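**Student:** In this text, residue positions in the sequence shown follow the numbering used here: the first is 4, and each later residue adds one.
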Amino acid sequence: MEPLFNPGVERKEPLDRETLRDVIELALWTGQILLHAGAQSARVERTVHRMGTALGADWMDIVVMPEGLMVTTVSGEEFRTRIRRVVSLSVNLALIAEINALSRKVAEGKLDRFQVRRELQRLESLRVSYPRWLVVLMVGLACAAFSRLFGGDWLTFGVTFAASSAAMFVRQTLTRTYLNTLLVIMVTAFVAGVIPGAAALSGLLPRPETALAASVLLLVPGVPLINAARDILRGYIVTGMARGIWGFVISLCIALGLLVALQVTGVSGLDTTTTVSRDPLSFLLADALWSGVAALGFAVLFNVPRQYLPYCALAGAAGHALRALLLQSGVAITSGTLAGALLVGLLGEFFAQRMRSPAGMFAVPAAIPMVPGVFAFRAMIGVIDLTIAPTGADTRVLVEAITNFAITGLVLAALAVGIAMPSLIGRRQKPVV
4 MEPLFNPGVE
14 RKEPLDRETL
24 RDVIELALWT
34 GQILLHAGAQ
44 SARVERTVHR
54 MGTALGADWM
64 DIVVMPEGLM
74 VTTVSGEEFR
84 TRIRRVVSLS
94 VNLALIAEIN
104 ALSRKVAEGK
114 LDRFQVRREL
124 QRLESLRVSY
134 PRWLVVLMVG
144 LACAAFSRLF
154 GGDWLTFGVT
164 FAASSAAMFV
174 RQTLTRTYLN
184 TLLVIMVTAF
194 VAGVIPGAAA
204 LSGLLPRPET
214 ALAASVLLLV
224 PGVPLINAAR
234 DILRGYIVTG
244 MARGIWGFVI
254 SLCIALGLLV
264 ALQVTGVSGL
274 DTTTTVSRDP
284 LSFLLADALW
294 SGVAALGFAV
304 LFNVPRQYLP
314 YCALAGAAGH
324 ALRALLLQSG
334 VAITSGTLAG
344 ALLVGLLGEF
354 FAQRMRSPAG
364 MFAVPAAIPM
374 VPGVFAFRAM
384 IGVIDLTIAP
394 TGADTRVLVE
404 AITNFAITGL
414 VLAALAVGIA
424 MPSLIGRRQK
434 PVV
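Take a look at the structure:
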């Protein structure tokens with residue numbers, strides 16, 4: 004019988020059944036951790052394939068699914084197929100980097116399968132690098148920085164910081180109780196919305212729109228939506244569509260939480276237009292500063308290692324400032340976002356090459372300030388207005404909501420394409436299947 008591996012693959016000494024079973028178990032475990040940490044499908048497939056073949060398998064066929072993965076490993080005349088489900092998803096960029104480094108060590112022959120098992124056990128139990136209180140404060144600071152990017156004053160900054168910090172604390176607390184993810188999002192959105200609403204009701208904050216838009220950005224599914232577009236670009240259609248739908252469902256849950264908050268506080272008639280300073284130099288300097296702060300806050304939320312935080316802030320400031328400069332010159336927001344994201348992607352690749360870490364470690368947090376928060380907020384408000392619009396006005400409200408959803412989608416697509424472009428062009432690797 005001919006060995007069951009692809010033509011052109013280096014023949015290895017066949018593994019016995021027990022060893023082959025162990026290899027597929029370790030490869031699956033690696034992929035499970037990556038999916039749980041929020042890795043894009045191409046990285047999962049590439050890393051699982053590298054891990055399995057480095058441990059002695061002739062070939063690995065991997066199918067990445069929205070909630071798990073299926074792997075077939077081949078050695079000589081023996082093969083095994085296993086499926087493993089991933090029950091929860093998060094974003095942990097430090098864990099992705101650790102798994103990436105582990106797979107490189109295995110590929111270089113520095114670790115055997117017994118050492119790999121011990122390393123995977125260690126990584127699976129690895130805690131978040133930052134204390135809970137610091138994550139709360141940094142997320143609050145990041146959302147408050149968004150309020151400045153949206154043209155808010157210092158009072159709006161303070162209200163946004165309080166609202167988003169409180170919302171993040173609630174989110175952490177509820178997540179630890181294993182409550183349904185969508186319920187956690189709705190409750191968190193309610194907390195993020197009720198504080199600016201209460202400030203407006205008391206007369207403290209005459210215009211709560213900016214604080215409302217910025218406070219819920221800790222929930223906006225930027226990473227799932229960016230990964231969805233990147234997956235589709237690389238041919239993982241089903242997984243990309245599933246991630247995109249999940250991001251849309253999260254957005255609806257945010258809108259529901261905001262709806263309840265606005266109903267409780269009695270805030271209505273929101274004006275979602277934004278105003279920012281147009282003095283070119285001061286505007287660009289402020290834009291770079293606050294976008295860098297926002298990228299830094301989300302880098303902490305995504306558990307980026309401390310030594311990489313300045314690079315995330317630098318890339319975020321550079322990309323957003325370039326977009327702001329282009330918008331000032333009359334360039335459309337989609338084209339401006341594409342250019343800014345391309346700069347972020349190039350910087351991510353540059354930092355990744357110098358530090359032997361995944362480019363997403365730098366590019367993903369840096370891209371978050373360019374997520375179209377204002378348009379997403381307007382779309383959510385449009386959904387809310389549809390429930391209370393008088394007869395005859397619902398058509399106009401519907402058209403505005405659809406328009407804002409379309410702009411949000413186009414900007415997110417431009418963001419994903421720009422980030423992915425350097426790797427799509429510079430890393431034209433052969434498929435591993």
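Glycine residues also receive a C-beta, built at the ideal position from the N, C-alpha and C atoms.
Predicted model, so just to flag it, every value in this text is computed and none were measured.
Please go through the same chain and pick out, in chain order, the residues whose beta-carbon is closer than 6 Å to the beta-carbon of Arg237, but skip the five residues on each side of it.
**Tutor:** Position 234 of the sequence shown holds residue 237. Ala45, listed in sequence order.
**Student:** Using CA atoms only, rank isn't needed, just tell me which of Gly421, Gln43, Leu215 and Leu255 is closest to Val94.
**Tutor:** One-based indexing of the sequence shown puts residue 94 at position 91. Comparing Cα positions, the closest option is Gln43.
**Student:** How would you call Pro134, buried or exposed, if buried means at least 16 neighbouring beta carbons within 10 angstroms?
**Tutor:** Position 131 of the sequence shown, counted from the start, is the residue given in the question as residue 134. Classification for Pro134: exposed.
**Student:** Ends of the beta strand (DSSP E) at Val66?
**Tutor:** Locating residue 66 in the sequence shown gives position 63, where the first residue counts as 1. Run containing Val66: Trp62 to Met68, per the beta strand (DSSP E) assignment.
**Student:** May I ask you to report which of helix, strand or coil DSSP gives Val263?
**Tutor:** For the purposes of this step, residue 263 is taken as the residue at position 260 of the sequence shown. Correct three-state label for Val263: helix.
**Student:** Near Leu208, which residues of its chain fall below 6 Å by C-beta distance, leaving aside the five closest residues on each side in sequence?
**Tutor:** Numbered from 1 along the sequence shown, position 205 holds the residue referred to as residue 208. If we look at Leu208 and ignore the five residues flanking it on each side, its Cβ neighbours are Val162 and Ala202.
**Student:** Tell whether a beta-carbon distance below 8 Å holds between Thr268 and Val197.
**Tutor:** Residue numbering aside, residue 268 sits at position 265 when the sequence shown is read from its first letter. Residue numbering aside, residue 197 sits at position 194 when the sequence shown is read from its first letter. Contact flag set, yes.
**Student:** Around the Cβ of Pro283, are there at least 16 other Cβ atoms within 10 angstroms (buried) or fewer (exposed)?
**Tutor:** On the sequence shown, position 280 is the one that residue 283 refers to. The residue in question, Pro283, is exposed, as its Cβ has fewer than 16 Cβ neighbours within 10 Å.
**Student:** Who pairs with Glu80 in a beta bridge, going by DSSP?
**Tutor:** Numbered from its first residue, the sequence shown carries residue 80 at position 77. In the DSSP output, where bridge partners are listed per residue, Glu80 has none listed.
**Student:** For my contact list, Val303 and Ala148 are in at a C-beta cut-off of 8 Å; report their separation, rounded to the angstrom.
**Tutor:** The residue you call residue 303 lines up with position 300 of the sequence shown. The residue you call residue 148 lines up with position 145 of the sequence shown. At roughly 13 Å, the Cβ-Cβ gap does not stay under 8 Å, so Val303 and Ala148 are not in contact.
**Student:** Whose CA, out of Arg116, Ile65, Met54 and Leu144, lies closest to the CA of Phe164?
**Tutor:** Position 161 of the sequence shown, counted from the start, is the residue given in the question as residue 164. It is Leu144 whose Cα lies nearest to the Cα of Phe164.
**Student:** For the alpha helix (DSSP H) that Asp290 lies in, which residues bound it at each end?
**Tutor:** On the sequence shown, residue 290 is found 287 positions in, with the first residue counted as 1. Pro283 to Leu304 is the span of the alpha helix (DSSP H), which, as asked, contains Asp290.
**Student:** Can you name the start and end residues of the alpha helix (DSSP H) that Ala366 belongs to?
**Tutor:** Indexing the sequence shown from 1 puts residue 366 at position 363. That run of the alpha helix (DSSP H) goes Gly363 to Ala370.
**Student:** By Cβ distance below 7 Å, which residues in the same chain neighbour Met2 in space, the five residues on each side in sequence not counted?
**Tutor:** There is simply no residue 2 to check, as the chain begins at 4 and stops at 436 in what is shown.
**Student:** Between Arg210 and chain D, is there a C-beta pair that is closer than 8 Å?
**Tutor:** In the structure shown, chain D does not exist; there is a single protein chain.
**Student:** If you check the beta carbons only, do Val377 and Phe153 fall under 8 Å apart?
**Tutor:** Indexing the sequence shown from 1 puts residue 377 at position 374. Indexing the sequence shown from 1 puts residue 153 at position 150. Their beta carbons are under 8 Å apart, which means Val377 touches Phe153 by this criterion.
**Student:** Please state if the CB of Pro368 and the CB of Val307 are separated by a distance shorter than 8 Å.
**Tutor:** As a position in the sequence shown, residue 307 is number 304, starting the count at 1. As a position in the sequence shown, residue 368 is number 365, starting the count at 1. A contact, by the Cβ cut-off of 8 Å.
**Student:** Could you give the first and the last residue of the continuous alpha helix (DSSP H) run that contains Met189?
**Tutor:** As a first step, residue 189 is located in the sequence shown; it is residue number 186 there, counting from the start. Looking at the DSSP string, the run of the alpha helix (DSSP H) that includes Met189 is Thr184 to Leu204.
**Student:** Among Ile188, Pro211, Gly250 and Ala355, which residue has its Cα nearest to the Cα of Leu228?
**Tutor:** Along the sequence shown, read from residue 1 onward, the residue named residue 228 stands at position 225. Taking only the C-alpha atoms, the option nearest Leu228 is Gly250.
**Student:** Go to Arg49, then tell me how far its alpha helix (DSSP H) extends in each direction, as first and last residue.
**Tutor:** Start at 1 with the first residue of the sequence shown, and residue 49 comes out as number 46. Note, Arg49: alpha helix (DSSP H), Ser44 to Ala57.
**Student:** Give the straight-line distance between the Cα atoms of Ser360 and Leu401, rounded to the nearest whole angstrom.
**Tutor:** Sequence index remark: in the sequence shown, residue 360 carries index 357 (1-based). Sequence index remark: in the sequence shown, residue 401 carries index 398 (1-based). Rounded to the nearest angstrom, the two C-alpha atoms are 44 Å apart.
**Student:** So, at 6 Å on beta carbons, what are the nonlocal neighbours of Ala232 in its own chain, with the 5 sequence-adjacent residues on each side left out?
**Tutor:** Working through the sequence shown from its first residue, we reach residue 232 at position 229. Excluding positions up to five away in sequence, the list reads Ala416 and Ala419.
**Student:** Using the Cα positions of Arg88 and Met68, report the straight-line distance between them to the nearest angstrom.
**Tutor:** Position 85 of the sequence shown, counted from the start, is the residue given in the question as residue 88. Position 65 of the sequence shown, counted from the start, is the residue given in the question as residue 68. Roughly 9 Å between the two C-alpha positions.
**Student:** Report the three-state DSSP secondary structure of Val420 (helix, strand or coil).
**Tutor:** Stepping through the sequence shown from its first residue, residue 420 is reached at position 417. Three-state DSSP puts Val420 in a helix.
**Student:** In chain order, what are the residue ranges of uninterrupted alpha helix (DSSP H) at least 4 long that sit wholly in the segment 325-355?
**Tutor:** If we require 4 residues or more, the segment 325-355 turns out to have no alpha helix (DSSP H) run fully inside it.
**Student:** Quick one: residues in its chain with C-beta nearer than 6 Å to the C-beta of Ser106, no 5 flanking neighbours on either side, listed in chain order?
**Tutor:** Numbered from its first residue, the sequence shown carries residue 106 at position 103. For Ser106, where only same-chain residues beyond five positions count, the Cβ hits under 6 Å are Thr50, Arg53 and Met54.
**Student:** Are the Cβ atoms of Leu129 and Leu29 separated by less than 8 Å?
**Tutor:** Residue mapping note: residue 129 aligns to position 126 of the sequence shown, counting from 1. Residue mapping note: residue 29 aligns to position 26 of the sequence shown, counting from 1. Going by C-beta atoms, Leu129 is not nearer than 8 Å to Leu29.
**Student:** For Thr75, which beta-bridge partners are listed by DSSP?
**Tutor:** Within the sequence shown, the letter at position 72 stands for residue 75. Answer is Asp64 and Thr84.
**Student:** Give the secondary structure of Phe160 by DSSP, where H, G and I count as helix, E and B as strand, and everything else as coil.
**Tutor:** Position 157 of the sequence shown, counting from 1, holds the residue named residue 160. It is helical.
**Student:** What is the DSSP secondary structure of Ala40, counted as helix, strand or coil?
**Tutor:** Along the sequence shown, one-based indexing puts residue 40 at 37. Coil at Ala40, not helix or strand.
**Student:** With H, G and I counted as helix, E and B as strand and the rest as coil, what does DSSP make of Pro425?
**Tutor:** Along the sequence shown, one-based indexing puts residue 425 at 422. Helix at Pro425.
**Student:** From Gly59, Gly322 and Leu261, pick the residue whose C-alpha is nearest to that of Glu111; which is it?
**Tutor:** Reading the sequence shown from its first residue, position 108 is the one you call residue 111. Comparing Cα positions, the closest option is Gly59.
**Student:** By a C-beta neighbour count over all protein chains shown, 10 Å radius and 16 as the cutoff for buried, is Leu23 buried or exposed?
**Tutor:** On the sequence shown, residue 23 is found 20 positions in, with the first residue counted as 1. Answer is buried; the Cβ neighbour count reaches 16.
**Student:** Report the rounded CA-to-CA distance for Gly225 versus Leu328, giving the unit in angstroms.
**Tutor:** Locating residue 225 in the sequence shown gives position 222, counting from the first residue. Locating residue 328 in the sequence shown gives position 325, counting from the first residue. Cα to Cα, the separation comes out at about 23 Å.
**Student:** Does DSSP put Leu29 in a helix, a strand or coil?
**Tutor:** On the sequence shown, position 26 is the one that residue 29 refers to. Helix at Leu29.
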